[in-house]
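S.K.: Below is a structure I'd like to ask you about.
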Amino acid sequence: MDASRFHGIYPILYAFFDRDGRPQRAPLAAQVEAAVKHRAHGVAVLGLATETNKLDVRERLQIMAWTAEALNKRLPLAVTVAEPSIAGQIAFVRAARDAGADWVILQPPPIAGFGEAEYLRFFGAVADAAPLPVAIQNAAQFLGIGLSNAGLTALHRNHPNVSLIKGEAPAHVIARLIDDTGGAFRVFNGRGGLELPDCLRAGCVGMIPAPECFDVQVACYEAMRAGREDEAEARYREMLPLVTFMMSSIDTFVCYGKRIVARRLGLGEVHDRAPAQRPTPFGLATMERFLATLGPL
0 MDASRFHGIY PILYAFFDRD GRPQRAPLAA QVEAAVKHRA HGVAVLGLAT ETNKLDVRER
60 LQIMAWTAEA LNKRLPLAVT VAEPSIAGQI AFVRAARDAG ADWVILQPPP IAGFGEAEYL
120 RFFGAVADAA PLPVAIQNAA QFLGIGLSNA GLTALHRNHP NVSLIKGEAP AHVIARLIDD
180 TGGAFRVFNG RGGLELPDCL RAGCVGMIPA PECFDVQVAC YEAMRAGRED EAEARYREML
240 PLVTFMMSSI DTFVCYGKRI VARRLGLGEV HDRAPAQRPT PFGLATMERF LATLGPL
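Just so you know, numbering that gives the first Met the number 0 puts 28 at position 29 of the sequence shown, and the rest follows in order with no gaps.
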């Protein structure tokens, strides 16, 4: 399956909840409209920013459907698949296809401690049954499980449908991955957009950040793509303090990033789904300084 058209900045949407902890549809649609308005290259959903680990399968399917309906094929849609079994992931990938997704990102099952060969068998079995191009989220520091570059190479060789990677690593590590795997993968990095220009220099085809400053990241990406590296570096410097703050931990970027997006979109009060990191007065004051440099989405 051809994945060559997938590139650029794919904001991965936040899940918003009402006072009773139920997922809300309107904030997903608002994030989708912002992505289209500010010329994102795609949209992603159900990753760490979407708090997929706090959602049951019914909620994940609902959020995916709401996102796909709001997007209406105006941009490519990538869906993260985090079911803990092979059968569950296959079923979810097929549901993603039916909803209108263009590609899927597989997370490893949340069971650590086995040899790499076991995870390769897991991903391979899902990929062989997947009707969409497949990416692997290789994020050991966040998910507790990762594959070696040799393992990824073997996975692609034996299951060519695995043709993308969602990395979560510094640019120099990504450069080594791309070199070691012989350019077999289209690689997106995450980490909130840290090192965006250098990630592109390393060979990444794009980034999958949370949405709080994705509009600046789109401008940075397009400047790099057009060879205007000084402009790209200037736009990157604009967002670097915010991204550094956000990426101090996953809980921090969900806590404050969601609030930044809500403010930029005019969504009103944010309700956290427990268990959750709660904002502090100092954290909120820090957030306000960043918001002062960002306009509405």
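Where a beta carbon is used, it is the ideal one built from N, C-alpha and C, also for glycine.
Answer with buried or exposed for Arg263, where buried requires no fewer than 16 other C-beta atoms within 10 angstroms of its C-beta.
M.R.: Per the 10 Å Cβ criterion, buried.
S.K.: Any contact between the segment 153-162 and the segment 188-198? By contact I mean 3 or more CB pairs, one from each, below 8 Å.
M.R.: In short, these stretches do not touch, since the Cβ pair count stays below three.
S.K.: Drop a sphere of 10 angstroms on the beta-carbon of Arg258, count the other beta-carbons inside from all chains shown, and report buried for 16 or more, exposed for fewer.
M.R.: That one is buried.
S.K.: Please list, in chain order, all residues of the same chain as Ala94 whose beta carbon is under 8 Å from its beta carbon, the five residues on each side excluded.
M.R.: Here the set comprises Leu60 and Met63.
S.K.: Let me check understanding here. Comparing Cα to Cα, which of Cys254, Ala261 and Ala98 lies closest to Pro280?
M.R.: The option with the nearest alpha carbon to Pro280 is Cys254.
S.K.: Measuring alpha carbon to alpha carbon, tell me which residue in Val44, Ala222, Ile8 and Val242 is nearest Ala233.
M.R.: Among Val44, Ala222, Ile8 and Val242, the Cα nearest to that of Ala233 belongs to Ala222.
S.K.: Please work out which residues of its chain come closer than 7 Å, Cβ to Cβ, to Gly99, disregarding the five sequence neighbours upstream and downstream, and give them in chain order.
M.R.: Contacts found: Ala67, Lys72 and Leu76.
S.K.: Considering only their Cβ atoms, is the gap separating Val260 from Gln30 smaller than 8 Å?
M.R.: Taking 8 Å as the Cβ cut-off, Gln30 and Val260 qualify as a contacting pair.
S.K.: Determine the contact status of Asn157 and Gly145, defining contact as a CB-CB distance below 8 Å.
M.R.: Result no, Cβ atoms of Asn157 and Gly145 do not sit closer than 8 Å.
S.K.: Do the segment 1-10 and the segment 39-46 make contact, defined as three or more Cβ pairs closer than 8 Å?
M.R.: Enough Cβ pairs lie closer than 8 Å, so yes.
S.K.: For Val204, collect the residues of the same chain with a Cβ closer than 8 Å to its Cβ; drop the 5 residues on either side in sequence, then sort them by chain order.
M.R.: So the list reads Phe5, His6, Gly7, Arg185, Val186 and Phe187, once near-sequence residues are dropped.
S.K.: Please work out which residues of its chain come closer than 6 Å, Cβ to Cβ, to Leu74, disregarding the five sequence neighbours upstream and downstream, and give them in chain order.
M.R.: Contacts found: Gly41 and Val42.
S.K.: Can you grab the Cα-Cα spacing for the pair Gly256 / Asn52, in whole Å?
M.R.: Approximately 17 Å between the Cα atoms of the pair.
S.K.: Going by CA-CA distance only, name the one from Ala33, Glu230, Leu47 and Asp55 that's closest to Pro22.
M.R.: Cα-wise, what sits closest to Pro22 is Asp55.
S.K.: Determine the contact status of Phe141 and Ile207, defining contact as a CB-CB distance below 8 Å.
M.R.: Cβ atoms of Phe141 and Ile207: not closer than 8 Å.
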